[in-house]
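>
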Amino acid sequence: MPNDSLAARTDTWLQSLLVWSPGQRDIIKTVALVLMVLDHINLIFQLKQEWMFLAGRGAFPLFALVWGLNLSRHAHIRQPAINRLWGWGIIAQFAYYLAGFPWYEGNILFAFAVAAQVLTWCETRSGWRTAAAILLMALWGPLSGTSYGIAGLLMLAVSHRLYRAEDRAERLALVACLLAVIPALNLATSDAAAVAGLVMTVLTVGLVSCAGKSLPRFWPGDFFPVFYACHLAVLGVLAL
């Protein structure tokens with residue numbers, strides 16, 4: 001019984017930590033945007049500032065968690081929303097190349113599009129769609145070296161499932177997976193990068209969960225993909 005009580009308290013605490021109001025989600029996205037821009041400035045202008053690189057490791061996990069929570073508002077991932085992601089990914093790819101990334105490496109919007117498409121196809125429990133999902137992941141793998149690869153898809157899948165978990169045991173297991181996947185995103189780069197990604201994510205989530213609960217949403221729906229493409233284009237032009 002004491003173990004059950006501890007698990008229940010832990011689950012309640014985790015839900016208060018990981019479920020945010022619309023305003024809190026936008027705060028987290030804003031923090032993630034700042035971290036992303038710092039990382040890209042450091043990379044594109046070759047500043048070689050370790051602190052900017054390490055801070056940037058928190059951007060993707062934060063975006064992934066907000067994405068997972070936003071998707072949980074609907075019973076299923078909507079194909080029109082996925083199509084918009086594909087479209088923005090294509091638009092952003094030109095800016096991605098302009099910013100100095102290899103033309104054949106997919107930008108991060110494609111990671112979200114691939115993950116959403118794979119999850120949607122797998123939900124249908126159709127044989128050919130499952131095969132298509134496997135093929136899509138296989139095609140994405142070699143093109144995702146600058147967008148977290150298969151580990152990035154796993155991060156997005158865990159974030160998606162976390163907010164759809166129907167019982168306490170599943171939620172706790174998924175949080176444990178999350179604590180393993182976030183460092184794994186950057187483990188191939190360095191131990192410091194792996195730890196920094198986890199620290200920046202936990203720190204941001206912990207601070208935001210304590211404030212801003214009554215704050216309304218302040219970013220428009222497609223702000224992130226528009227900002228993503230535009231900031232890459234601006235940085236790419238400035239770096240010429």
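The opening residue of the sequence shown carries number 1 in the UniProt record's numbering; numbering runs sequentially from there.
C-beta atoms are modelled at their ideal positions from N, C-alpha and C, and glycine is treated no differently.
Can you check which of these residues, 172, 210 and 218, is closest to residue 10 by C-alpha distance?
172
> Can you have a look at residue 89 and say buried or exposed, based on whether 16 or more other CB atoms are within 10 angstroms of its CB?
buried
> What residue does the alpha helix (DSSP H) around residue 40 start on, and which one ends it?
Segment 22 to 44, the alpha helix (DSSP H) holding residue 40.
> Which of the three DSSP states is assigned to residue 103 in this structure?
Looking at residue 103 - three-state DSSP - the assignment turns out to be coil, as it is neither helix nor strand.
> Please report the Cβ distance between residue 71 and residue 28, rounded to the nearest whole angstrom; I am assuming they are in contact, meaning their Cβ atoms lie under 8 angstroms.
Your pair residue 71 and residue 28 does not check out as a contact, with CB atoms roughly 15 angstroms apart and the cut at 8 angstroms.
> Could you tell me whether the stretch 95 to 103 touches the stretch 225 to 234, where touching means 3 or more Cβ pairs closer than 8 angstroms?
yes
> May I ask you to check if the CB of residue 135 is nearer than 8 angstroms to at least one heavy atom of the ligand FAD?
What this structure holds is no ligand at all, so the ligand FAD is not there to describe.
> Rounded to whole angstroms, what is the Cα-Cα separation between residue 43 and residue 53?
Using only the alpha carbons, I get a separation of about 8 angstroms.
> Over what stretch of residues does the alpha helix (DSSP H) that includes residue 228 continue unbroken?
223 to 239 is the extent of the alpha helix (DSSP H) around residue 228.
> Helix, strand or coil for residue 196? Go by DSSP, reduced to three states.
helix
> Whose C-beta lies closer than 6 angstroms to the C-beta of residue 21 among residues of the same chain, with five residues either side of it excluded?
Within the same chain, residue 21 has close Cβ partners 213.
> Using three-state DSSP, classify residue 141 as helix, strand or coil.
helix
> Go through its chain and collect everything with a Cβ distance to residue 25's Cβ below 8 angstroms, but skip five positions before and after it.
66, 69, 70 and 217
> Taking only the alpha-carbon atoms, compute the straight-line gap between residue 223 and residue 55 and give it to the nearest angstrom.
22 angstroms
> My output table needs one value for residue 219: the three-state DSSP class, helix, strand or coil.
Coil, per DSSP.
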